[in-house]
Amino acid sequence: VVVNDFGGDLHGEATEQTPAQEVVAEITAAGGEAVANGGNVAKADDAAGMVQTAIDSFGKIDAVVNVAGILRDAYFHKMAPEQWQAVIDVHLNGTYNVARAAMEHFRAQESGAYVHFTSTSGLVGNTGQANYAAAKMGIVGLSRVIAMEGARFNVRSNCISPFAWTRMIEAIPVTSDEMAEAFDKFRQNASAEHVAPVATYLVSDAAKDVTGNIFGVRGNEIYLMSQPRPIRTLHKGDGWTPDDLAATLEPALRHDLYGLEGSGEYYSWDPI
């Protein structure tokens, strides 16, 4: 395994911490083989270097798990261009950079698997995270097309929407006793250890027929997430005018229109 981490904090700034080296030590202690890489996924050359590290260290590359992320939360009307761009660069462009670097090798060997991490912040929505939501939904579209184009080369691509206690979650300010209690349960019942088996399965040969899908992992729960498809249609033989739509569309589709519930309201029960 090549373990990549830029060594940065939640805002993408470099620090002296070396999470990648810590993970490599854990893997090695458990009897596995791993090397650390400190490249920046937002830079195409660094992403290519990550892939090359895998080939130099282990002879080939079999799978890519795109999980790098930062946060720059702000309400949309206050979001600065640099806050937007930083998140897009790491999440969406970073996913593209690493996936693109690996694809040439996957095509040549006619095998390979991707797992990209998305989020309910994009799939469902969260206030204060327009940049994060846009990037995470972009990853869904990217994964879907990679799966479609990669099928003839036996290359698969899926997404995981994880619920897990991480450094990013830990940085969210606790503003009430109820929130503190909920976070405590979340910390205990939804860890990264719950997500890892699903990622491992999806990149394995056991999942050779699973591609182009989105899975949610929340503690001991696994979800197959829906993807946008038509659910209702309206027809009018002579076409529609704005007045026709004003009189017809909302009344006809009222019970199927989506509300504004965010991820927190939708997933209102404690992780199992």
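Going by the numbering used here, the letters in the sequence shown line up with residues 182 to 453, in that order. Glycine included, each C-beta is placed from N, C-alpha and C at the ideal position.
Opposing strand residues paired with residue i [DSSP bridges]
i	result
Glu-402	Arg-399
Gln-266	According to DSSP, Gln-266 bridges with nothing at all.
Gln-290	Gln-290 pairs with nothing; no bridge assigned.
Pro-343	Val-398
His-297	Asn-247, Cys-340
Asn-218	Asn-185
Ala-255	Gln-310
Residue i to residue j span [Cα, whole Å]
i	j	result
Gly-331	Val-355	43 Å
Pro-423	Val-305	29 Å
Pro-452	Ser-444	14 Å
Arg-325	Tyr-295	11 Å
Val-245	Ala-363	33 Å
Ala-211	Asn-307	38 Å
Asn-274	Ser-238	25 Å
Ile-208	Glu-351	24 Å
Val-182	Asp-425	59 Å
Glu-442	Val-379	27 Å
Lys-224	Val-271	9 Å
Ala-280	Ala-215	20 Å
Lys-417	Pro-409	23 Å
Pro-262	Ile-269	11 Å
Thr-414	Ser-407	18 Å
Gly-339	Glu-402	Here residue 339 is Asn; the residue named in the question, Gly, does not match the sequence. Cα to Cα, the separation comes out at about 18 Å.
Contacting residues, own chain, Cβ-Cβ under 6 Å from residue i (five flanking each side not counted)
i	result
Val-336	Phe-287, Gly-293
Val-376	Pro-343, Ala-345, Val-398
Ala-282	Ala-228, Ala-229, Val-232
Gly-440	none
Status (buried if at least 16 other CB within 10 Å, exposed otherwise) for residue i
i	result
His-436	exposed
Asn-186	Before going on, a small fix: residue 186 reads as Asp here, not Asn. So Asp-186 ends up on the buried side.
Leu-434	exposed
Met-360	exposed
Gln-310	buried
Met-329	exposed
Asp-254	buried
Leu-252	buried
Asp-227	buried
Tyr-277	buried
Leu-323	buried
Ser-357	exposed
Gly-220	buried
Phe-257	exposed
Ser-300	buried
Ile-395	buried
Close-in-space but distant-in-sequence residues of the same chain around residue i (CB under 7 Å, 5 per side omitted)
i	result
Tyr-382	Ala-388
Gln-264	Arg-253, Ala-255, Asn-312
Ser-302	Gln-310, Tyr-313, Ala-314, Lys-317, Ser-444
Residues of its chain near residue i, where Cβ-Cβ distance is below 8 Å and the 5 sequence neighbours each way are ignored
i	result
Met-455	The question about residue 455 has no answer here: the residues shown for the chain are numbered 182 through 453.
Ala-371	Phe-344, Ala-345, Trp-346, Arg-399, Gly-400, Pro-452
Ile-412	Asp-437
When the Cβ atoms of the segment 383 to 392 are set against those of the segment 311 to 323, are three or more pairs found closer than 8 Å? no
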